[in-house]
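FYI, in our numbering the residues of the sequence shown are 501 to 661. All residues carry an ideal CB built from backbone N, CA and C; glycine is no exception.
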Amino acid sequence: MRDLDDAERAAARLADRWGLTVGEVMEFDNGFYSQLAVPSGTLATEVLIGPRSGAVQVEFGPAMIRNTAYGMNPTSAGITTVSGEQARAIADRWLQANRPGENAGGADAFPGYYTVHTLRGDQVAGMLSVNATTGAVRYHAWHGRFIAMNQHDTDTTGGGP
């Protein structure tokens, strides 16, 4: 993988097999990340793209464990008790206590959880996820330092939790 375009092509190969499309693609110093969405734009899951091999896998953590449609234990219906705005507020409180100087961006809705970009000022610093049922937070420390991002139009608020 040389760049975001290579990572996007790798993510698209998996997305095509699953009948999905590629959403945003991010580069971190530990590899690449991409959102996958259904054709209407509703977010479906998150994947990691290996920086050397280009291998694509469902992101460990919430995408693998909490995703009620594409995770390890899909269910027909999840109980969502946390809204997108609540997820962002939960993320902000967690960041104030655990990563001073960072604040929460918007909450992207996936089936069973939200993923939130963490910001330092107006720059992406990292990401975390908030469980849509319990509000539990999981910081995505495995990504490393944020480098760059390509964004595509996806529905980040609907169809998720």
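- Its Cα nearest to that of G523, the residue L504 stands out among N530, D529, L504 and G531.
- Annotated three-state conformation of M564 is helix, per DSSP.
- Per DSSP, the beta bridge partners of M649 are M526.
- Taking a contact as a CB-CB distance under 8 Å, the pair G531 and L548 counts as one, their CB atoms being some 6 Å apart.
- Taking S534 as reference, the option from T545, G541 and T634 with the minimal CA-CA separation is T545.
- Under the criterion of beta carbons closer than 8 Å, A632 and V582 qualify as touching, at roughly 5 Å.
- Cα atoms of A507 and A537: separation of roughly 16 Å, rounded to the nearest angstrom.
- Per DSSP, A636 lies in no beta strand (DSSP E) and is assigned neither H nor E.
- Judged by DSSP secondary structure, L543 falls within the beta strand (DSSP E) whose first and last residues are L543 to I549.
- Between the alpha carbons of D529 and G601 lies a gap of roughly 21 Å.
- A distance below 6 Å between beta-carbons, with the five flanking residues on each side excluded, links T575 to the following residues of its chain, in chain order: T568.
- W594 counts as buried, since at least 16 other C-beta atoms from the protein chains shown sit within 10 angstroms of its C-beta.
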